[in-house]
Ligand SMILES: Cc1cc2nc3c(=O)[nH]c(=O)nc-3n(C[C@H](O)[C@H](O)[C@H](O)COP(=O)(O)OP(=O)(O)OC[C@H]3O[C@@H](n4cnc5c(N)ncnc54)[C@H](O)[C@@H]3O)c2cc1C
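Residue numbers (the working numbering): 3 to 474.
What follows is the structure in structure tokens.
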């Protein structure tokens with residue numbers, strides 16, 4: 003069935019109500035614009051359903067009219083998956099589906115709709131003395147549906163795993179409009195293919211996630227946070243090993259900040275201050291967590307003293323209050339924001355076997371200097387699990403666009419080393435459109451063929467977020 007955009011807008015209004023279908027360019031602009039400004043979407047309208055049934059009716063309408071659908075959560079994705087250059091496409095924003103359907107402290111579980119923000123999920127869990135463990139810099143905006151669909155990682159993944167390991171079950175609207183209710187609360191279930199895992203990390207290409215049942219954890223009652231200066235990356239790695247050996251069940255975060263990144267935060271983020279007098283090329287911010295009555299301060303002091311003695315630490319401070327702890331994390335979380343003030347950045351979201359990290363940094367720096375003298379590497383992030391956000395800031399004074407135009411020229415040789423080392427070029431942000439061409443060249447042909455078969459089986463008309471993950 004063919005139709006006009008105006009007729010589609012009318013039909014959508016009859017499904018969700020007139021105020022919840024946006025079609026004026028001024029109303030759709032913020033949905034079509036992604037955070038980094040790398041991709042401008044051209045979707046003709048935005049539909050904002052409030053119920054799973056409405057999502058189903060929207061998808062049925064899109065299936066009948068072959069209208070491409072772009073599911074959108076908090077619009078914080080970093081690979082362009084949540085917008086589309088296709089002006090025939092419809093954005094389905096899940097932000098009105100923001101109810102927590104159930105919260106069971108004794109069962110350590112929560113069922114939340116797709117549009118609940120991560121921060122709202124954390125706050126709800128805390129009210130029943132539980133932890134919703136996902137934590138990332140964008141948590142005030144990103145949503146359950148988006149974090150499921152990108153298999154988000156974040157800072158606590160070291161101890162609690164990525165989103166994939168925190169989901170019990172999903173409710174999904176499939177490409178034909180059918181509603182699959184897979185909202186189980188089981189920790190064990192070997193009853194055939196684990197279908198939910200197909201939709202986790204699928205970036206909206208297989209269906210629209212409308213709700214998720216998820217694990218909660220005991221709320222840590224003892225938390226120790228330390229800001230640690232290390233002389234080089236070999237020492238940073240040795241420190242990670244030391245902490246893992248001493249605190250295998252307590253080390254929840256282990257994040258890297260380079261001196262240049264710290265300088266940027268101090269220059270651009272109001273109130274940011276250096277936690278240490280010592281200026282060092284690298285800092286590691288760590289957190290230990292444990293239950294009531296546990297003693298972590300003294301063991302941490304001893305561990306840091308051992309690190310100083312071994313020469314892998316040059317200085318360290320442990321947060322003395324909740325505020326100081328927040329201040330340490332604020333330095334880490336605002337790094338991307340501070341970096342934006344320095345102009346354009348070429349961003350690599352890579353993961354490496356831990357032992358390869360120091361050597362990768364050396365080789366990468368040499369390549370960057372050779373290709374674009376004056377460009378400034380700012381590698382930061384999830385050192386504990388080998389997931390580094392290897393960002394490269396433009397040389398001061400260079401035209402931003404001229405620098406960004408060199409993205410592939412600079413990223414390609416670095417990605418080649420990552421692959422040589424057995425790493426991943428899409429560690430936690432996904433593929434979206436940013437890496438869709440590249441990923442096809444880095445996976446085995448059989449894997450690409452299987453992915454295409456799954457896509458064709460679940461979305462035969464290719465209306466679910468076409469062009470993302472799989473080149474179509
Ligand atoms: C400052 C900052 C820090 C960040 N830190 C991290 C980090 O530490 N770790 C990390 O993993 N990511 C991080 N991110 C990236 C981003 O926040 C995550 O990818 C997040 O999971 C995206 O969620 P969202 O709700 O904003 O999704 P969106 O950006 O709206 O969408 C992302 C993708 O999911 C799809 N999608 C969204 N909702 C649904 C749904 N209900 N059903 C099906 N598909 C859907 C979209 O089509 C798109 O392909 C960061 C981003 C920023 C801006």
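Heads up, the beta-carbon is just placed ideally off N, CA and C, and yes, glycines get one too.
Taken in chain order, the complete alpha helix (DSSP H) segments of 4 residues or longer contained in the segment 133 to 189 are 146 to 151, 159 to 162. Segment contact: the segment 421 to 433 against the segment 151 to 160, three or more CB-CB distances shorter than 8 Å; contact assigned. With a threshold of 16 other beta carbon atoms within 10 Å, residue 142 falls short and is exposed.
Taking a C-beta distance under 8 Å as the contact criterion, residue 14 and residue 63 qualify as a contact pair. For residue 259, the enclosing beta strand (DSSP E) has its first and last residue at 253 to 260. Separation of the CB atoms of residue 208 and residue 461 is rounded to 6 Å, and the pair is thereby assigned contact status at 8 Å. Counted as a single uninterrupted DSSP element, the stretch harbouring residue 383 is not any alpha helix (DSSP H) but the beta strand (DSSP E) occupying residues 378 to 384.
Residue pairing by DSSP places residue 226 opposite 290 in a beta bridge.
Note on the segment 315 to 369: whole beta strand (DSSP E) runs with a minimum of 3 residues are 317 to 320, 347 to 353, in chain order. When rounded, the separation of the alpha-carbon atoms in residue 335 and residue 303 is 25 Å. Distance from residue 83 to residue 383 at the Cβ level is roughly 20 Å; contact not present, criterion being Cβ atoms closer than 8 Å. Counting along the chain, residue 429 sits inside no beta strand (DSSP E), nor does DSSP assign it H or E at all. For residue 217, the three-state secondary structure derived from DSSP is strand. In this structure, the C-beta of residue 116 approaches ligand 1 to less than 7 Å from one of its heavy atoms. Ligand 1 has a heavy atom closer than 7 Å to the beta-carbon of residue 154. A direct Cα-Cα distance of roughly 31 Å separates residue 144 from residue 8. Here residue 203 is buried, its C-beta having at least 16 other C-beta atoms within 10 Å.
Sequence-distant Cβ neighbours of residue 139 in its own chain, meaning closer than 7 Å and more than five residues away, are 335, 338.
Look at residue 464 here: in three-state DSSP terms it is coil, with no helix or strand label. Approximately 5 Å separates the beta-carbon atoms of residue 49 and residue 94; this is inside 8 Å, confirming the contact. Judged by DSSP in its simplified three-state form, residue 22 adopts helix. In terms of side-chain proximity, the C-beta atom of residue 143 is found nearer than 7 Å to a non-hydrogen atom of ligand 1.
Distance from the CA atom of residue 299 to the CA atom of residue 136, rounded to whole angstroms, is 24 Å. With a contact defined as Cβ atoms closer than 8 Å, residue 221 and residue 327 miss out at about 15 Å. In this structure, the straight-line span from the alpha carbon of residue 24 to that of residue 32 is close to 11 Å. Burial is judged here by how many other beta carbons sit within 10 angstroms of a residue's own beta carbon; residue 253 has at least 16 and is buried. Segment contact: the segment 341 to 349 against the segment 399 to 415, three or more CB-CB distances shorter than 8 Å; contact assigned.
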